[in-house]
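Right, one structure below, let's go through it.
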Amino acid sequence: MLLPVRIPSEPHAQYDHPMATNWDRLIQLNGGAKIYYVEPRLDVKNEVWFYNANAALVISSSGALVPSKPAKGLGAVTDRATLYQVARALVVDVEVRSEHAVVRRGVLNGSYVENVIAAGDVPALLATYRKLGFRDGSPWHATPKRVLVREFRKGAAKWTVHVDGSSVFEDWRTEHKQKSRDAAIAYANALISKKEKLGFNTRLIELTDAKYANPTPKAAATAPPKPKLPVRTKFAKPTTPYQAVDTAVAMLRDLHQRFNKYHFVAECLDLPSEKTRLADLTQSAAFFTKLHRKRIGRWRTAKASAPKKGESTWAYFVRVYGSITWILDGEVDGGVQCFHCGNVSGGGWSPLEINEGEYNIKGLVKALGADAPAGLAQFEVFHGGWHHGLSFAFDRRSVSATGESAIVPFDEGDPQIPKITAAAKIVPFGTWLHKRVQQLTATVEANIREIW
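Residue numbers for the sequence shown follow the numbering used here, beginning at 6 and rising by one.
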């Protein structure tokens, strides 16, 4: 079964964002009526998307509220166009129906404002939203990896349809393979037409991860050019496990610097200049800063050095760099497993959290009592995600000549004790870290480039 992309239907409040919302302005835009006190979904130039007191989406365009009037009796769809802001989970979806066009502006997997305009006004409407940062997708997919699901309702009956590659899916599970993508789109449109004649109406629009290959959406000739993205940095292959630690840190530093949105490494943050970047990815910047106060910015003065005699790569990492706290926007976590740092929602959504003393293993052994597996007390947990089976620990039952121990998965809820690894077969922490960072940064950078 295809599962929806992790997109919240409504926003969370950012209580201490440096760009504080002017609530009086929103009330004024809402004609003096009460509003819902969460930050606007969109606030650029003369366009503001916010919520009224009933948590319904309200759109102010050029100082006037866009009327919400569901379309009725306009005939079949003859053409479609869809624009997206994937990172903000926003969509402008247009259905041309003879001389009219139905426009839905709103939140993916959330509420939207629907109204009818003249079909001849569609090009100007699309041009306006392109200038506001919306990108051309297709009515069936936003990016090659994310396809659009349309949900229809008639009373209590629900029906969904989406196109993925050359297949059409009904109700998520039922797949109809077609000869080509064009044939699949035609088939999906025919299914929608039949459902609409039976009284079904659009209720929801959302994105889901693609199962098959999809083409890159083509931008209109009049669309503003996409920003040029920084070139990927090439790193020399480390020749020692200590160099592997330095290279892994350099790769994270590099990604933090090259892309200043959708992620950050707490150890790289310069709070005087990156307050907004921090606030954009946390529910409360003050809480996050307090929780990770020893980690924030610590790499700004950290430099690679020669390892001390007999020092393991883990000891070298702790001495020189201290920790890793990499935070992602939920829109760029595709293909990586994430968790809340510190097992608290305000700790940041992370694929990689490394820290000395990350977990109290003695407390777990005591709590389990007689049920504690033999050898558990000799685990040293160094990676977050222990509450969700995404953590890692050193198995100190065996130690190599250079002071390294085997790295094993760790799950607080079901701690498994593997066979003791022979000292000669232990992979150094530095080697493990480099491989993991290499894989994670490649995936996350591709995700960032997809929605930039």
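All C-beta atoms, glycine included, are put in the ideal place defined by N, C-alpha and C.
This one's a predicted model, so the numbers in the text were calculated from it and none came from an experiment.
Is the Cβ-Cβ distance between residue i and residue j less than 8 Å?
i	j	result
Ser67	Leu34	no
Thr165	Glu180	no
Glu358	Thr330	yes
Ile332	Phe269	yes
Leu88	Arg46	no
Lys150	Ala193	no
Gly351	Ser310	no
Ile190	Trp145	yes
Tyr41	Ala58	yes
Lys159	Leu203	yes
Pro420	Pro356	no
Glu455	Thr238	no
Val442	Val341	no
Asp334	Ala86	no
Tyr267	Ile453	yes
Gly302	Leu276	yes
Pro222	Ser171	no
Asp400	Ala411	yes
Leu274	Leu260	no
Arg300	Ser328	yes
Gly408	Gly315	yes
Phe157	Lys199	no
Let me make sure I understand the geometry here. Which of the options has the alpha-carbon closest to that of residue i?
i	options	result
Gly390	His146, Cys346, Asn27 and Val370	Cys346
Thr318	Arg135, Val413, Ala406 and Ala106	Ala406
Pro235	Phe264, Ala58 and Ala226	Phe264
Asp376	Ser198, Ile422, Ile332 and Tyr321	Ile422
Gly368	Glu361, Leu357, Phe269 and Phe384	Phe384
Leu113	Arg158, Pro75, Thr213 and Leu131	Thr213
Lys313	Tyr247, Arg305 and Gln288	Tyr247
Tyr134	Ala224, Lys216, Ala61 and Tyr267	Ala224
Ile210	Val118, Val43 and Ala162	Val118
Phe240	Pro356, Ala447 and Lys199	Ala447
Val121	His439, Trp145, Pro72 and Thr221	Pro72
Ala253	Lys430, Lys440, Val43 and Glu52	Lys440
Thr294	Glu272, Ala309, Leu70 and Ala427	Glu272
His388	Ala372, Arg402, Val413 and Ala382	Val413
Val127	Arg109, Leu283, Val63 and Gly115	Arg109
Thr306	Leu445, Phe205 and Arg258	Arg258
Ser103	Ala123, Gly115, Ala86 and Ser116	Ala123
Arg140	Asp98, Arg401, Phe55 and Ser328	Asp98
Asp187	Arg401, Lys202, Pro220 and Lys136	Pro220
Thr83	His105, Leu260, Lys280 and Ser116	His105
Lys424	Leu445, Arg402 and Pro433	Arg402
Ala226	Ala428, Leu131 and Arg85	Leu131
Arg178	Lys184, His167 and Ser185	His167
Ser396	Val101, Trp304 and Cys343	Cys343
Val63	Ala228, Ser116 and Asn27	Ser116
Pro243	Lys233, Pro433 and Val101	Pro433
Gly111	Tyr56, Gln262 and Ala162	Tyr56
Gly418	Ala429, Val337, Ala255 and Val370	Val370
Ala60	Ala428, Arg155, Thr426 and Ala38	Ala38
Per DSSP, which one or two residues make a beta bridge with residue i?
i	result
Tyr117	Gly111
Asp98	Thr87 and Arg109
Ser355	Phe344
Asp48	Val53
Ile122	Ala106
Glu211	Val154
Leu35	As written in the sequence, residue 35 is Asn, which differs from the Leu given in the question. Bridge partners of Asn35: none, in fact.
Ile481	Limits of the chain in this structure are 6 at one end and 457 at the other, which puts residue 481 out of reach.
Arg140	Tyr89
Ile40	Asn57
Asn206	Arg158
So residue i and residue j are in contact, right, with Cβ under 8 Å, and what is the actual spacing, rounded?
i	j	result
Val250	Tyr321	6 Å
Asp416	Gly394	4 Å
Gly138	Val43	20 Å between Cβ atoms; not a contact.
Val107	Leu79	7 Å
Val386	Ala372	So it is not a contact: roughly 14 Å between Cβ atoms.
Return no unless some Cβ of chain D is closer than 8 Å to the Cβ of residue i.
i	result
Gln33	In summary, chain D is missing from the structure at hand, where a single protein chain is found.
Worksheet entry | Minimum length 3: unbroken beta strand (DSSP E) runs contained in the stretch 52-95 | As far as the stretch 52-95 is concerned, its whole beta strand (DSSP E) runs of at least 3 residues are 52-56, 62-66 and 84-90.
Worksheet item: If you scan the stretch 251-293 from start to end, which runs of the alpha helix (DSSP H) of 4 or more residues do you find wholly inside it?
Response: Runs of the alpha helix (DSSP H) spanning 4 or more residues and lying entirely within the stretch 251-293 occur at 276-285, in chain order.
Fill in: beta strand (DSSP E) runs wholly inside the stretch 370-443, at least 3 long, in chain order
If we require 3 residues or more, the beta strand (DSSP E) runs fully inside the stretch 370-443 come out as 384-386, 396-400 and 411-415.
Worksheet item: Residue ranges of each beta strand (DSSP E) run of no fewer than 3 residues wholly in the stretch 145-203, ordered along the chain?
Response: 146-148, 151-159, 162-169, 172-175 and 179-182, all fully within the stretch 145-203.
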